[in-house]
Every structure is written in structure tokens, then in C-alpha cells.
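S.K.: I'd like to ask you about the structure that follows.
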Amino acid sequence: MGRAEGAGRAEEPGTQRLEQAVRAAEQALIEFEIAVETFRVEVENFSRLHHQRLGPMYARLDDLEARIAEAVAARTGDPEDVRRAREARAMVQPLPGIEELFGGWLDSDGFSPEAVAMLTEKSVRPPERIRPSDEARRAYRELVRKAHPDLAPDEADRLRREEFIVRVNAAYADGDKALLLELAEEWAAGPVPEERLPSRAEELYARLEWLAQRKELLAQLAAELEGSAIGAMIKMAPDDPDRLLEEIAEGLAAQVAEREAHLATLVG
Numbered sequence: 348m349g350r351a352e353g354a355g356r357a358e359e360p361g362t363q364r365l366e367q368a369v370r371a372a373e374q375a376l377i378e379f380e381i382a383v384e385t386f387r388v389e390v391e392n393f394s395r396l397h398h399q400r401l402g403p404m405y406a407r408l409d410d411l412e413a414r415i416a417e418a419v420a421a422r423t424g425d426p427e428d429v430r431r432a433r434e435a436r437a438m439v440q441p442l443p444g445i446e447e448l449f450g451g452w453l454d455s456d457g458f459s460p461e462a463v464a465m466l467t468e469k470s471v472r473p474p475e476r477i478r479p480s481d482e483a484r485r486a487y488r489e490l491v492r493k494a495h496p497d498l499a500p501d502e503a504d505r506l507r508r509e510e511f512i513v514r515v516n517a518a519y520a521d522g523d524k525a526l527l528l529e530l531a532e533e534w535a536a537g538p539v540p541e542e543r544l545p546s547r548a549e550e551l552y553a554r555l556e557w558l559a560q561r562k563e564l565l566a567q568l569a570a571e572l573e574g575s576a577i578g579a580m581i582k583m584a585p586d587d588p589d590r591l592l593e594e595i596a597e598g599l600a601a602q603v604a605e606r607e608a609h610l611a612t613l614v615g
């Protein structure tokens, strides 16, 4: 039986090259998936910080614009100014789910105590941040490279890997380095998958096609993340996104001060 199988493989000299191509494509796809997932977590975390830190300032600007428009309308009585004032005020009315959007900064009565404290430059509890450390990033990448479902030799092992990767992704999203290290030990103690034997040429072609489709989907996701407002902001300062938030906050604070001064001239 062994000789027959060996002879069969010898009759297909291109099979080995296909096997190498599949493995190279698998590794490339895993690295790409790691990069996309890492960026997705960065976008999610930065979005949370952006809403927590800057949401109240945007709301303050909207409120000032409404008050300025109302002051102008009160002075002129012009129907067009009245219409603009109503539209501006409608922009700052509480919306359903606003508490969730601004992470507790804004409630049904307006600014929360923490938002007021921030706008008046008083001490405020820093926003909760979840940013995986360098050690967590390294542990995550190493785990995904070892346990990725695409490396499974059979369906049973694929299911085991998929369940494990779900736990790995959750730990990474939480920035839990300790749990990632525990998962690394768990994986190291688990069953070692058998070495994959060369597949038939037809199966390898199908595998390459599936990998190409998967990469296309990931590329689409990556493009959507990079094209989003938050993704574009991260791309502007990939090494120091916190500083970018500071710069935006400084610009918004200047706008708030300018609009407050303008309002004072109208109602003073």
C-alpha cells in the first residue's frame, strides 16, 4: 500500500509545489488576519476614548451654536434667523441611546458631573482605556500563529482551534496579558496535531481559491476600517494616538472659548 501511494505521488510532480504554495498562502493570510484584527481593536479602543474624551466638547460646541443662533434671532426677529435657531437647538436635544454613545458623559438632563468638571478644567476621572501592552500583542500574535484554525489537519481539530481562538481574541480585546499567557500554556499542553500529508492537486487548488476569497474579505474589512473617521485619525498618528486626542481637544477647547466669547457679546 505504501509503495502504491508513493508511486501515485511520484506521478504528480506539481503536487509538492502546490502544497508549498498553500502553506505559504496560509501563513500570509494568518499574518494579514493578525494585522487586521490588531487594527480593529485599535480602532475600537480609540473610538471609545474619542467619545469619552471629546464627546462633551462637541456637545458643548453644539449648545453654544444653538444659544448664539437664539440670541441672534431674539435681536433681529427675522423669520430666517428664527428658523436657524430652531434647527440649531434641535441638534442638541437628547437623543435615544445618547448615554451609551457618550459613555456616561451625557444624560437625559444634559451634561453629567464629570463632563462639567472637564469643561471647567476641574479634576476628572480619566476615561477607561483598554490598550493591549506590547507583551500582550506578542503573546496574541504567537498564539494565533500556532493555533489558527487554518492549520488544522482535520475538521475535529479545526473546531477545537476555532473555539480556542475565540477565547484568545476576547483576552486580547480586553488587554489581558495574564490570561493570554495562561492560554499559551494551555495550548502548549494540548494535543499536538499530526503533520499534514500532501493533499491531492484538486484539493490544493480548491484550498488556494478559498484562501484568496478569505483574503479578499479581510482586505475589504481593512479598507472599511482605514476609511472610517476613527481609522483615518489613527493613521495620522499611529505611534502616539493619545497625543492626537490631546491636539484635537486643544482645538475644540479653543473653539469653545471663542464661541463663548461671541455669545457673551450678544447677550451681554
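Quick note, the sequence shown lines up with residues 348 to 615 if you use my numbering.
Beta carbons are placed, not taken as given, at the ideal position from N, Cα and C, and that holds for glycine.
(1) Is the CB-CB distance between LEU558 and ALA416 below 8 Å?
(2) Across the segment 402 to 418 and the segment 431 to 438, are there enough close Cβ pairs to call them in contact, namely three or more that are closer than 8 Å?
(3) Rank ARG364, LEU365, GLY361, PHE386 by C-alpha distance to the C-alpha of LEU565 and give the top, closest one.
(4) When you compare only the Cα positions, how much space is there between PRO585 and GLU427?
(5) Over what stretch of residues does the alpha helix (DSSP H) that includes HIS495 continue unbroken?
(6) For LEU365, count neighbouring C-beta atoms within 10 Å of its own C-beta (all shown protein chains included) and say buried if the count is 16 or more, exposed if not.
(7) Find the nearest neighbour of ALA437 within the set ASP409, ARG561, ALA569, judged by alpha-carbon distance.
(8) Using a Cβ-Cβ cut-off of 8 Å (strictly less than) and excluding sequence neighbours within five positions of VAL388, which residues of its own chain qualify?
(9) Count the other CB atoms within 10 Å of the CB of LEU396; is the residue buried (16 or more) or exposed (fewer)?
(10) Using alpha carbons as the reference points, say which of ILE581, GLY402, LEU551 lies closest to ALA368.
(11) By a C-beta neighbour count over all protein chains shown, 10 Å radius and 16 as the cutoff for buried, is LYS582 buried or exposed?
(12) Around the C-beta of GLU605, are 16 or more other C-beta atoms found within 10 angstroms, so that it is buried, or is it exposed?
(13) What residue ranges within the segment 348 to 422 form continuous alpha helix (DSSP H) runs of no fewer than 4 residues, ordered along the chain?
(14) What do you get for GLU549, buried or exposed, if any count of 16 or more other CB atoms within 10 angstroms of its CB means buried?
(15) In three-state terms, what does DSSP make of GLY574?
(16) Taking the alpha carbon of LYS562 as the point to measure from, which residue in PHE379, GLN363, ARG370, GLY361 has its own alpha carbon closest?
(17) For the putative contact between ARG508 and ALA494, defined by C-beta atoms under 8 Å, what is the C-beta separation to the nearest angstrom?
M.R.: Straight from the coordinates:
(1) Translated into positions along the sequence shown, residue 558 becomes position 211. Translated into positions along the sequence shown, residue 416 becomes position 69. Taking 8 Å as the Cβ cut-off, LEU558 and ALA416 do not qualify as a contacting pair.
(2) yes
(3) Mapped onto the sequence shown, residue 565 falls at position 218. Residue PHE386 is the option with its Cα nearest to LEU565.
(4) Position 238 of the sequence shown, counted from the start, is the residue given in the question as residue 585. Position 80 of the sequence shown, counted from the start, is the residue given in the question as residue 427. In a straight line, the C-alpha of PRO585 is about 45 Å away from that of GLU427.
(5) Here residue 495 refers to the residue found at position 148 when the sequence shown is read from its first residue. From DSSP, HIS495 is part of no alpha helix (DSSP H); its letter is neither H nor E.
(6) Here residue 365 refers to the residue found at position 18 of the sequence shown. With 16 or more Cβ atoms within 10 Å of its Cβ, LEU365 is classed as buried.
(7) Position 90 of the sequence shown, counting from 1, holds the residue named residue 437. Out of ASP409, ARG561, ALA569, ASP409 has the C-alpha closest to the C-alpha of ALA437.
(8) As a first step, residue 388 must be located in the sequence shown, where it is residue number 41. Same-chain partners within the cutoff: PRO479, TYR519, ALA520.
(9) The residue you call residue 396 lines up with position 49 of the sequence shown. Answer is buried; the Cβ neighbour count reaches 16.
(10) Position 21 of the sequence shown holds residue 368. When each option's Cα is compared against that of ALA368, the closest is LEU551.
(11) Counted from its first residue, the sequence shown places residue 582 at position 235. By the neighbour-count rule (16 or more Cβ atoms within 10 Å), LYS582 is not buried but exposed.
(12) For this step, residue 605 is matched to residue 258 along the sequence shown. It counts as exposed.
(13) 349 to 357
(14) Within the sequence shown, residue 549 is the residue found at index 202, counting from 1. When all chains shown are included, GLU549 counts as exposed.
(15) Against the sequence shown, residue 574 aligns to sequence position 227. Correct three-state label for GLY574: helix.
(16) Stepping through the sequence shown from its first residue, residue 562 is reached at position 215. The shortest C-alpha separation from LYS562 is found at PHE379.
(17) Within the sequence shown, residue 508 is the residue found at index 161, counting from 1. Within the sequence shown, residue 494 is the residue found at index 147, counting from 1. Contact flag correct, Cβ pair sits at about 5 Å.
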